[in-house]
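Note that this note's numbering has the sequence shown beginning at 25, numbered continuously upward.
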Amino acid sequence: PQDYNKLIRQTMDRPDANSIMMAMLRSLTHAEYSPANIGHFGLSLDSYAHFTSPIRRYPDLLVHRAIRHIVNGGKPGR
């Protein structure tokens, strides 16, 4: 991510800046859900969980339950 930010700063005043940005965006892979914690490239985070409202999506409900389990003293993965 730092290299992407550096490139954005270096090219932002160029007339072809939008084309460069689009090429950078297209070079990124699409989001992928996985039980493995692979972090978040764009946010430069080693750990990342995505969730919104547990009434909208079942995976979000599972994430809410897992977080509540940990907050209440439970062990991860159980």
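Every residue gets a Cβ at the ideal spot worked out from N, C-alpha and C, and that includes glycine.
query, result
"Residues that histidine 64 bridges to, as DSSP identifies them", "Leu69"
"Straight-line Cα distance separating threonine 76 from lysine 30", "31 Å"
"When His54, Arg81, Pro59 are compared against glycine 66, the one with the closest alpha-carbon", "His54"
"Closest residue to alanine 60 among Ala73, Ser51, Ser43 (Cα-Cα distance)", "Ala73"
"CA-to-CA distance, aspartate 70 to valine 87, given in whole angstroms", "17 Å"
"Between the CA atoms of proline 25 and serine 43 - distance to the nearest angstrom", "19 Å"
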